[in-house]
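Line by line, the protein sequences give chains A and B.
The opening residue of the first sequence carries number 1 in this note's numbering; numbering runs sequentially from there.
The opening residue of the second sequence carries number 1 in this note's numbering; numbering runs sequentially from there.
All C-beta atoms, glycine included, are put in the ideal place defined by N, C-alpha and C.
Number of protein chains: 2
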Amino acid sequence: MKIGQLAKALDVSTDTLRYYEAHGLLAPSARTESGYRVYTEIHLQQMHFILRAKDVGFSLREIQELLHIQIDKHQHSCEEVKYITLQKRNLVQKKINELQRFERSLTFLADRCCGGKESADYCSILTALEEVDDIN
Amino acid sequence: MKIGQLAKALDVSTDTLRYYEAHGLLAPSARTESGYRVYTEIHLQQMHFILRAKDVGFSLREIQELLHIQIDKHQHSCEEVKYITLQKRNLVQKKINELQRFERSLTFLADRCCGGKESADYCSILTALEEVDDIN
DNA sequence: ATAAACCTTAGAGTAAACCCCAAGGTCAAG
DNA sequence: CTTGACCTTGGGGTTTACTCTAAGGTTTAT
Chain A
1 MKIGQLAKAL DVSTDTLRYY EAHGLLAPSA RTESGYRVYT EIHLQQMHFI
51 LRAKDVGFSL REIQELLHIQ IDKHQHSCEE VKYITLQKRN LVQKKINELQ
101 RFERSLTFLA DRCCGGKESA DYCSILTALE EVDDIN
Chain B
1 MKIGQLAKAL DVSTDTLRYY EAHGLLAPSA RTESGYRVYT EIHLQQMHFI
51 LRAKDVGFSL REIQELLHIQ IDKHQHSCEE VKYITLQKRN LVQKKINELQ
101 RFERSLTFLA DRCCGGKESA DYCSILTALE EVDDIN
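And the structure:
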């Protein structure tokens, strides 16, 4: 697979892929004789991982750390890897909790909202949020 | 409450608070005679909302949109508010799903990891991820 | 065989979200 | 009544994550 194909499959720009390569996130496994980057199915999967991670608020640096667990595996003991992994999981769980709180607020707001044509005087995320906060 | 106190309570800089004000995210309700910004408990809560939203990957623009549901409530019909709200909830639910996938990957990795002193040759987020992806 | 559509590197430009500094006004403590 | 910790505005600088341009080489389609 060439960079353009991978980019199209992921709906990102070729620039982004080169940027990720330059920043240690995704390196093509080989080059053609003429220097073109060659990617495989694995890179597609890895990019899906990266994009999902980005989407839920991880910075590229944090994503790199996650990937580093693999890349540096010979340098790290299993103990360290486990520690890092559990730490990251805590972070993920915290994010999930926050999002679930948002979800409850939004659900509350939607339920409370009549959905009709009249002015939304009594509709407000913040009001909903406060109420949810009170409930919790 | 003055800006410094609010900043300290939230562990952000006063610059950040002024930046948010300039960008329509959080305006103090009043000023002192000498021009100092005056905040209340409500602003503290609103900032908690903003910071949590930021933490789970919403941009300031997106957060503003969420808050706008309130600010513009007289301009919007309840129908519109409900539509926006449900759309945002979809987004939140998508993020939750993505994070739960991460959580499964990380759990899988941690479980698989012996946690001992030896090299982590067989520990890898990506390997774990692939396996989880296979399971799903 | 030549245009169109790719690819390369290197480097400059941009938007978001701060962060810092200067120059000066305000205010509580000693 | 002044020192030091606050506050004000305005503007410049930084980092992250792209995005674009220039100048040129490669591949595919007619």
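Residue i to residue j span [Cα, whole Å]
i: Asp15(A); j: Gln5(A); result: 13 Å
i: Asn88(B); j: Arg37(B); result: With the sequence shown as reference, residue 88(B) is identified as Lys, and Asn is not the correct amino acid for it. Looking at the two C-alpha atoms, the distance is approximately 31 Å.
i: Ser105(B); j: Leu44(A); result: 17 Å
i: Gly35(A); j: Lys2(A); result: 11 Å
i: Glu33(A); j: Tyr39(A); result: 14 Å
i: Thr107(A); j: Glu41(B); result: 24 Å
i: Arg18(A); j: Glu62(A); result: 18 Å
i: Phe49(A); j: Glu80(B); result: 34 Å
i: Cys78(A); j: Glu65(A); result: 16 Å
i: Cys137(B); j: Leu67(A); result: Absent from the structure is residue 137(B), since the part of chain B shown begins at 1 and ends at 136.
i: Ala30(A); j: Leu99(A); result: 40 Å
i: Leu51(B); j: Glu103(A); result: 16 Å
i: Leu86(A); j: Ala110(B); result: 7 Å
i: Ser27(B); j: Leu10(B); result: For the record, residue 27(B) in the displayed sequence is Ala; it is not Ser. When rounded, the distance between both Cα atoms is 16 Å.
i: Gln46(A); j: Lys82(A); result: 21 Å
i: Asn90(B); j: Ser13(B); result: 32 Å
i: Ile135(B); j: Gly24(B); result: Unreliable positioning characterises Ile135(B) in this predicted model, as indicated by a pLDDT of 46, which lies under 50. The coordinate reading is nonetheless provided below. The alpha-carbon atoms of Ile135(B) and Gly24(B) are separated by roughly 45 Å.
i: Ala7(B); j: Ala53(A); result: 29 Å
Cutoff 8 Å: residue i Cβ touching any chain A Cβ
i: Gly57(B); result: yes
i: Ala62(B); result: Note that residue 62(B) is Glu in the sequence shown here, rather than Ala. No, no contact with chain A.
i: Glu41(B); result: no
i: Arg18(B); result: no
i: Leu26(B); result: no
i: Leu99(B); result: yes
i: Lys2(B); result: no
i: Val38(B); result: no
i: Glu103(B); result: yes
i: Ala30(B); result: no
i: Ala141(B); result: Outside the displayed span of chain B (1 to 136) sits residue 141(B), for which this structure offers no information.
i: Gln93(B); result: yes
Boundaries (first-last residue) of the alpha helix (DSSP H) holding residue i
i: Gly4(B); result: Ile3 to Leu10
i: Ser180(A); result: This structure cannot settle anything about residue 180(A), because the visible part of chain A is limited to 1 through 136.
i: Ala27(A); result: Premise fails: Ala27(A) is in no alpha helix (DSSP H) and is neither H nor E.
i: Phe49(B); result: Glu41 to Asp55
Neighbour flag for residue i against chain B, beta carbons, 8 Å
i: Thr85(A); result: yes
i: Val12(A); result: no
i: Lys8(A); result: no
i: Glu33(A); result: no
i: Leu44(A); result: no
i: Ile96(A); result: yes
i: Asn136(A); result: Low per-residue confidence applies at Asn136(A): pLDDT is 45, beneath 50, and the placement is therefore not dependable enough to give any value.
Hey, is the region 44 to 61 of chain B in contact with the region 86 to 100 of chain A, meaning 3+ C-beta pairs nearer than 8 Å?
yes
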